[in-house]
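Numbering (our numbering), first residue to last: 1 to 494.
Written as structure tokens, this is what we have:
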């Protein structure tokens, strides 16, 4: 059976054809629920200052922002997507209920087939709100509209998509998906003088001749100037930015057997594209999500990268000439990013950990944070901070894995409901959880992490098929233990 995420993209062209039919009746999207959610993001707002704060602390509001894709085109085919913002603590008081005020903070309508969601605010882009005086924004690319949406977020979490919200992207490219925010002081071009910049980079799942491109968008400029960044061969999937090294890492979407490039550009030294072929080490691998370690000292680049991989049958691909729609397995690769003598990251693969099929999104769960600096504390026994806990959604097999990088093994897997776990409270998922169904809901996809003031962390896991978002509170120092709390936000899709 074809993998679900493969079908998401394979069906896209057919759905657009259906959208053009005269028989299609356009209706506005639902505003009280998520609908085939994709991108998730968390932001914190101090209700007294309007700036950032630590989740779970006094006067700190946790806002969950969710992009809904309108995947089945039940609503308007062109603009049937939404971004919805909710107050997490208020929403948890009425789990699985339709979203209404005061839990519902805001709704904005966007193009269908939305992808990843990124936040630009004072935390992700220092100076954005204080120096530049800009409103916080949620950034989402729409594949149906080939556009980036810049949705304004006000101090109360209300959302607006007015003039300048819809930013056209490259007409010759297709399926914009990933969005990364990159802020800092670096040259606008090779040989230029470094200046403060606030940028967004958008990936494309399709391009002529299976080439790889990014759109670089100046978020601070009024007219959204856009530059095309050529990454040579292989389409782009996701991007992640390290502000210390100013490297932007970019994962790929399959284009050719034998080449699985992790690429990066250094914004402080623009002009060159570097790459490491993961296929050389992990045969049959295809990259998806990526996360950077959080255990480095302030001002030091991350020491490791975590890569979500899908593993396909190379022999079958070679004999048929196409990538099989079914995967053999999934994997998590741990990569060394320590600086080499040539000034580039080592990119040596340190560990390959088996995962379920459909490894997609990946996030780091920091642990043992100093309550003042919010940086990992030095462990008195290890003489360094504990390595990260890493969460991975495995969409095809319906699971979520927690990998403990301190000991190099998977600590816990949220897998399948059974007759015991469905009624076991903290040991299992909240209802509905029928025996045989995935604990987090079918097709876990979008993923976000929140570090709390009490040392715990929340995992936000969107069920693409069921259209709810799980909120799972865990103790990162005891990842194999049962969740501290678990609830779902948003009603189940009917």
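The beta carbon of each residue, even a glycine, is placed where N, CA and C say it ideally should be. As the structure is a computational prediction, the values presented were derived from the model and not from experiment.
One or two residues paired with residue i in a DSSP bridge
i           : result
residue 63  : 43 and 87
residue 402 : 391 and 412
residue 286 : 310
residue 104 : 86
residue 492 : Residue 492 pairs with nothing; no bridge assigned.
residue 450 : 458
residue 486 : 472
residue 168 : 147
residue 351 : 334
residue 35  : Answer is none; residue 35 lacks a bridge partner.
residue 201 : 180 and 216
For residue i, the nearest candidate out of the options (CA to CA)
i           : options               : result
residue 372 : 356, 454 and 330      : 454
residue 237 : 245, 38, 228 and 251  : 251
residue 492 : 469, 483 and 473      : 469
residue 264 : 290, 418 and 367      : 290
residue 112 : 146, 487 and 432      : 146
residue 179 : 192, 143 and 449      : 143
residue 404 : 480, 309 and 34       : 480
residue 430 : 483, 456 and 381      : 483
residue 104 : 340, 119 and 33       : 33
residue 376 : 368, 383 and 382      : 368
residue 220 : 461, 69 and 200       : 200
residue 160 : 139, 363 and 387      : 139
residue 438 : 449, 66 and 399       : 399
residue 171 : 151, 204, 162 and 197 : 204
residue 356 : 416, 50 and 322       : 416
Three-state secondary structure (DSSP) of residue i
i           : result
residue 278 : helix
residue 478 : coil
residue 317 : helix
residue 208 : helix
residue 173 : coil
residue 422 : Residue placement at residue 422 cannot be trusted, given a pLDDT of 45 that sits under 50; the coordinates are not used to answer.
residue 382 : coil
residue 132 : coil
residue 92  : helix
residue 181 : strand
residue 74  : coil
residue 497 : Given that the chain is displayed from residue 1 to residue 494, the structure contains no residue 497 and the question cannot be resolved.
residue 241 : strand
residue 249 : strand
residue 464 : coil
residue 119 : strand
residue 21  : Only weak support exists for where residue 21 lies, its pLDDT of 46 falling under 50; the value from the coordinates is given anyway. DSSP places residue 21 in coil when its eight states are reduced to three.
residue 300 : coil
residue 109 : strand
residue 341 : coil
Proximity below 9 angstroms, CB of residue i to CB of residue j
i           : j           : result
residue 393 : residue 446 : yes
residue 39  : residue 99  : no
residue 262 : residue 249 : yes
residue 328 : residue 342 : no
residue 441 : residue 458 : no
residue 235 : residue 276 : no
residue 43  : residue 153 : yes
residue 55  : residue 46  : no
residue 270 : residue 190 : yes
residue 115 : residue 158 : no
residue 513 : residue 80  : No answer is possible for residue 513: it lies beyond the span of the chain, which begins at 1 and ends at 494.
residue 304 : residue 350 : yes
residue 337 : residue 362 : no
residue 127 : residue 150 : no
Exposed unless 16 or more other CB atoms sit within 10 angstroms - verdict on residue i
i           : result
residue 478 : exposed
residue 244 : exposed
residue 232 : exposed
residue 195 : exposed
residue 434 : exposed
residue 300 : exposed
residue 272 : exposed
residue 122 : buried
residue 294 : buried
residue 283 : exposed
residue 490 : buried
residue 73  : buried
residue 124 : buried
residue 256 : exposed
Contact test: residue i Cβ vs the ligand SAM heavy atom, cutoff 8 angstroms
i           : result
residue 245 : Annotation note on the ligand SAM: not contained in the displayed structure, which lists no ligands.
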